[in-house]
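J.: Note that UniProt numbering has the sequence shown beginning at 1, numbered continuously upward. Note that CB positions come from ideal geometry on N, CA and C, so glycine has one too. Everything numeric in this text was worked out from a predicted model, so none of it was measured.
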Amino acid sequence: PQDTLIVWSEGDNFDLALSFQEKAGCDEIWEKICQVQGKDPSVDITQDIVEESEDERFDDMSDSGPIELPPCELSRLEEINELVASSLATAMRKEKLAVALENDGYIRKLLNLFHMCEDLENSEGLHCLYETFKNIFLLNKNALFEVMFCEETIFDVVGCLEYDPSSPSPKRHRQYLKQLARFKEVIPINNPELLAKIHQTYRVQYIQDVVLPTPSVFEDNMLSTLSSFIFFNKVEIVTLIQEDEKFLNELFSQLTDDATDDHKRRELVLFLKEFCNFSQNLQPQAKETFYKTLSSLGILPALEITLAADDAQTKTASIDILTYIVEFSPSVVRDYTLQQINNTDEDQMLINVVIEQMICDTDPELGGAVQLMGILRILLDPENMLTSTNKSEKTDFLNYFYKHSVHILIAPLLANTAEERPAKEDYQTVQLLSLILELLSFCVEHHTYHIKNCILNKDLLRRILVLMKCRHKFLVLCALRFMRKIISLKDEFYNRYIIKGNLFHPVIDAFIQNNARYNLLDSAILELFEFIKLEDIKSLCTHVVENFGKVLDEVEYVQTFKALKMRYDQHQDKIKDRDRTTLDSVPSILRNSRYRRDQRQLEEEEEMWFNEDDDFDDGEAVVPAANDLLAKKLDSDLASIGKIMDKKVETHSPKLLNSNSKAGGGLLNNNATAGSPPSPMQGDKSSTLFKKALVDYEGDSDEEEDDEGNDSLAPSPKRARLT
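Here's what the structure looks like:
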């Protein structure tokens, strides 16, 4: 040691040191190191001596032959224990000791000594045997485990491990294994090899989990062979059962039999769950064969029955089994579900049974519902769906789900949001709604037109935003997260739906009610508007500023809304510049009042045309129909314009009109329509959508007309109302 340092070398290239804050601490650790090594703490340098002794010991060990074990006698137990303990230091000595123990039949001799010590109540000898067998386990040799875990010796080994010196009284592990642990044969097992393997695996698992002391950090990997022993036993058990067709046929026959009582069915399901649990140790190819076998035997129809059982244990085990299947191969479940379309009632389809059990989970913490939601999520994930030239699993399954199942999933949500506030706000209900919202958010992110049609048909976003008034903030955040997922798609179809429904109102209201409290809700709402600003979603930016600008201008503690207003102003400036450039490019003759129709009539017809266009856009899934109507409208406009131009031909120069009619036709086709102006009621009905983007064009047009100075027409009342 060097004052506050302990320095040593390992090999030629590694110098290591322990540094201490105080000399007293350094001296204390140094004394303990020397005590372990058997050195004098007063000697400052011990490295060379230790290295020489280690090298000599290594040379002696490598040159020497096999380890010679002392005679197996009561008087030599302490010597035997020290030999076994010292052999754990190096891999070579462990190997030699394991060979010696196996060749001499030494383990059985030690177990004979155990019986003698137990008969003589020799506690000192029993404590030595405990330490000896604990260290034999740490040798980590499968050949020794085969000897210790056979039917004749396993209970004696457990008996040795009952006498822990640190425990005041011996444990009663043998009593538990022989008397209290009961083996259940749900279906009689006629294969004696399988039966013996099941018993052995249970007992070895018990030794690993209960009997052996918890390994320290340094011993963590020293029992890996024991884990491997259990692993291969489980694989062998699964293989033997799988090969016994009679056994499995009887199992599924009783499982689906209406005459099977609830207790018996519970035992069958618990066995099947354990069977599937063991199968997790199989290699992928063997596991695929395993699940194909279960599928051919009818495991999915059986689960339809057991999932709907009243018994809680049966239901929980059934969920676990379905989870195993779906995690390994969701396509198996999807294929089975698609086969049910034409021959099964909707409420008895497997997916709908899963959804109903999720909705009806009676557990206060909704443990089963959470698991079932995870199953549905895997099944609905397009990333693990197969697509080929002849088969599109994604299209078929999603069509099935949105036609036959989604209405069951969202039923509790719609039932609870029929009014302005949530109908129920008890913890179990809001937990369930949060799970449903999580799944719907996943669908918005990963599905396209299927979920879009569902949202629009059911006006789903409006109903979900009712939950913004819930007193449970985690559900409020779930509703907000759903809207955020929709906005993140930057889909103008969704944006128009949000604008027309004024669906930002519940969000702004929740933001105001939060009263600038620095919490997760405040941050989530601010992030939503920050996203709209950064992604430059013009329609939403315009809608928010024009409808909620006065309220949001009062928010001073963040710059989000000021930046949003600035972005809005930039949009308006660009629109004005664009319109001015367009107007400058129009031939001057078209700006002459003698050659154009009454400006107010054109303005009213423009408004009517755009309002009708918005009505078409808002229609759901009717784009082809809207195109047809638009084409007819344009034909009507052309006919009307033709009549006007014919009248002008009669009173003006043919040469002038010939050159003007072509240019005029091109402009008027884009901006005017024939027909009478819309009624005030019609104007009000579409005013929300009209403000979305069209109000900017109309307002800017006014200013440009005034700048021209060619006409002194005052803006129409309708224009004044919209700007």
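Candidates His447, Thr314 and Asn135: which alpha carbon is nearest Ser86's?
T.: Asn135
J.: DSSP on Ala17, reduced to helix/strand/coil?
T.: strand
J.: For Ile6, which residues does DSSP report across the bridge?
T.: Leu18
J.: On the three-state DSSP scale, how would you describe Val50?
T.: Because the pLDDT at Val50 is just 43, under 50, the model does not fix this residue reliably, and the value given afterwards should be weighed accordingly. If DSSP states are grouped into helix, strand and coil, Val50 belongs with the helices.
J.: Can you tell me which of Leu194, Met566, Ile525 and Thr239 puts its alpha carbon nearest to the alpha carbon of Glu288?
T.: Thr239
J.: Pick from Leu534, Glu131, Ser539 and Lys576: whose alpha carbon is nearest that of Thr560?
T.: Leu534
J.: For Leu398, which residues of its own chain have a beta-carbon under 7 Å away from its beta-carbon, when the five flanking residues on both sides are left out?
T.: His447 and His450
J.: With Met116 as the anchor, note down where its alpha helix (DSSP H) starts and where it stops.
T.: Tyr106 to Leu120
J.: Relative to the alpha-carbon of Cys128, which residue among Ile80, Glu236 and Asn547 has its alpha-carbon at the smallest distance?
T.: Ile80
J.: For a quick check, are the C-beta atoms of Thr323 and Gln242 less than 7 Å apart?
T.: no
J.: Out of Val507, Asn502, Leu251 and Phe493, state which residue places its alpha-carbon closest to the alpha-carbon of Arg484.
T.: Closest in C-alpha terms to Arg484, from the list Val507, Asn502, Leu251 and Phe493, comes Val507.
J.: Please state whether DSSP places Gly709 in a helix, a strand or coil.
T.: Low confidence applies to Gly709: its pLDDT is 41, below 50, so where it sits in the model is not reliable enough to give any reading.
J.: Could you spell out where the alpha helix (DSSP H) holding Ser296 opens and where it closes?
T.: Pro284 to Leu297
J.: According to DSSP, simplified to helix, strand and coil, what is Ser405?
T.: coil
J.: Go ahead and label Gly105 buried or exposed: buried means 16 or more other beta carbons lie within 10 angstroms of its beta carbon, across all protein chains shown.
T.: exposed
J.: Might you give, ordered along the chain, the residues of its own chain that have their beta carbon closer than 8 Å to the beta carbon of Phe493, omitting 5 neighbours on each side?
T.: So the qualifying residues of the chain are Lys452.
J.: Pick helix, strand or coil for Ser441, following the three-state DSSP scheme.
T.: helix
J.: Measuring alpha carbon to alpha carbon, tell me which of Thr306, Leu272, Thr581 and Phe548 ends up nearest Lys184.
T.: If we check each option's Cα against that of Lys184, Leu272 comes out closest.
J.: Considering only C-alpha positions, which residue in the set Ala317, Lys394 and Glu365 is nearest to Thr337?
T.: Lys394
J.: Using the rule of at least 16 other Cβ atoms within 10 Å of the residue's Cβ for burial, across every protein chain shown, is Gln175 buried or exposed?
T.: By the 10 Å Cβ count, Gln175 comes out exposed.
J.: Sorted by chain position, which residues of the same chain lie with C-beta nearer than 8 Å to Ile237's C-beta, five sequence neighbours on each side aside?
T.: Leu194, Lys197, Ile198, Thr201 and Phe278
J.: Quick one: grab the DSSP three-state call for Asn277.
T.: helix
J.: Helix or strand or just coil, what does DSSP make of Lys424?
T.: coil
J.: Just to confirm, are Arg266 and Thr344 a CB contact at a threshold of 7 Å?
T.: no
J.: If Thr90 sits next to Lys141, beta carbons under 8 Å apart, how far is it from one beta carbon to the other, in whole angstroms?
T.: Actually they are not in contact, since the Cβ atoms of Thr90 and Lys141 sit about 15 Å apart, beyond 8 Å.
J.: Give me the Cβ distance between Asn352 and Ser405, rounded to the nearest whole Å; I'm assuming they're in contact under 8 Å.
T.: 6 Å
J.: To the nearest angstrom, how far is the alpha carbon of Glu162 from that of Ser169?
T.: 9 Å
J.: Alpha helix (DSSP H) containing Ser75: first to last residue?
T.: Segment: none, Ser75 is in no alpha helix (DSSP H) and carries neither H nor E.
J.: Just how far apart, CA to CA, sit Leu251 and Cys150?
T.: 30 Å
J.: Does the Cβ-Cβ distance between Val269 and Thr306 come in under 7 Å?
T.: Note that the C-beta distance between Val269 and Thr306 is below 7 Å.
J.: For residue 745, which of helix, strand or coil comes out of DSSP?
T.: The structure shown has nothing for residue 745, since the chain only spans 1 to 723.
J.: Quick one: is Phe229 buried, meaning 16 or more other Cβ sit within 10 Å of its Cβ, or exposed?
T.: buried
J.: According to DSSP, is Asp637 helix, strand or coil?
T.: The predicted model places Asp637 with a pLDDT of 48, which falls under 50 and marks its position as unreliable; any figure quoted below should be read in that light. Three-state DSSP puts Asp637 in a helix.
J.: Could you compute how far the alpha carbon of Asp614 sits from the alpha carbon of Asn502?
T.: Interpretation of Asp614 is limited by its pLDDT of 43, a score under 50 that renders its predicted location unreliable; no figure is taken from the coordinates.
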